[in-house]
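K.L.:
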Amino acid sequence: MDAVADLLTRYPELEGLLRLSLAGFVALLVGFDRETKNKPAGVRTHVLVAIGSALFTLVGIYAFGPGDPGSRVAAQIVTGIGFLGAGTIIQVKSGVVGLTTAAGIWAVAAVGMAIGSGLYILGIGGGILMFLVLRFLTYGSDDEAGNDVAGHEGPTRPTPPEL
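The opening position of the sequence shown corresponds to residue 222 in this note's numbering, with each subsequent residue numbered one higher.
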């Protein structure tokens, strides 16, 4: 154990790599759920969002230190992820699809930011809660039987002619 502590003391970037890996692994659970439900953003998207958010957070911490510049980095992560998530929301004849996927992308970015900041329990716990909500809380959602939240029948992933 002392060897690991010595290694992390000698090369602090290794802890950053561990944080990135952990953020990616937690996001893998959420992405797996979206992938198995054939949603627009799956495993790769969620993992990349979490790793990217964790990396930006780490850069904010190490490059600027605690304080204002780091908080500006965090604010820009949230803005950028909001834009990315908006791209998954599509209005079709039967209603709106992609809201849950957009919310998942937004939330997995928060998981990446938490883990990137070293808040491991918060990030892992948040990721597990997200997975449980996505996997088991489907009543009235667009994940249940291909219906949107208003109960209109239709695919959860629109085909080009419907756009």
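Quick reminder that beta carbons are idealized off the backbone N, C-alpha and C, glycines included.
Inspect the beta-carbon positions of Ser412 and Ala224 and report whether they are closer than 7 Å.
P.N.:
Any question about residue 412 goes unanswered here, given that the chain covers just 222 to 384.
K.L.:
Kindly indicate which three-state DSSP category Ile310 falls into: helix, strand or coil?
P.N.:
Taking the sequence shown and counting its residues from 1, the one referred to as residue 310 is at position 89. Three-state DSSP puts Ile310 in coil, outside helix and strand.
K.L.:
What span of residues does the beta strand (DSSP E) with Gly316 cover, start to end?
P.N.:
Residue numbering aside, residue 316 sits at position 95 when the sequence shown is read from its first letter. It spans Gly316 to Val318 - the beta strand (DSSP E) in which Gly316 sits, taken as one unbroken run.
K.L.:
With distances taken from CA atoms, which of Ile326, Gly346 and Gly339 is nearest Leu269?
P.N.:
In the sequence shown, residue 269 corresponds to position 48, counting from 1. Closest by alpha carbon: Ile326.
K.L.:
If I'm right that Ile198 touches Gly346 with Cβ under 8 Å, what's the distance once you round it to whole angstroms?
P.N.:
Residue 198 falls outside the range modelled here, since the chain spans only 222 to 384, and no answer is possible.
K.L.:
Can you grab the Cα-Cα spacing for the pair Lys260 / Val299, in whole Å?
P.N.:
As a first step, residue 260 must be located in the sequence shown, where it is residue number 39. As a first step, residue 299 must be located in the sequence shown, where it is residue number 78. Cα to Cα, the separation comes out at about 22 Å.
K.L.:
Using CA atoms only, rank isn't needed, just tell me which of Thr322, Gly333 and Met334 is closest to Asp254.
P.N.:
On the sequence shown, position 33 is the one that residue 254 refers to. Minimum Cα distance to Asp254 is reached at Thr322.
K.L.:
Taking Gly263 as the reference, which of Ala284, Ile342 and Ala324 has the closest Cα?
P.N.:
For the purposes of this step, residue 263 is taken as residue 42 along the sequence shown, with counting starting at 1. Per the Cα distances, Ala324.
K.L.:
Measure the alpha-carbon distance for Tyr232 versus Leu279 and round it to whole angstroms.
P.N.:
Looking up residue 232 in the sequence shown gives position 11. Looking up residue 279 in the sequence shown gives position 58. The straight-line gap from Cα to Cα measures roughly 14 Å.
K.L.:
Enumerated in chain order, which unbroken segments of the alpha helix (DSSP H) with a length of 4 residues or greater are wholly contained in the segment 229-303?
P.N.:
Runs of the alpha helix (DSSP H) inside the segment 229-303: 233-257 and 264-280.
K.L.:
Does the beta carbon of Gly346 sit closer than 7 Å to a beta carbon anywhere in chain D?
P.N.:
Looking at the structure shown, chain D is missing, and only one protein chain is on hand.
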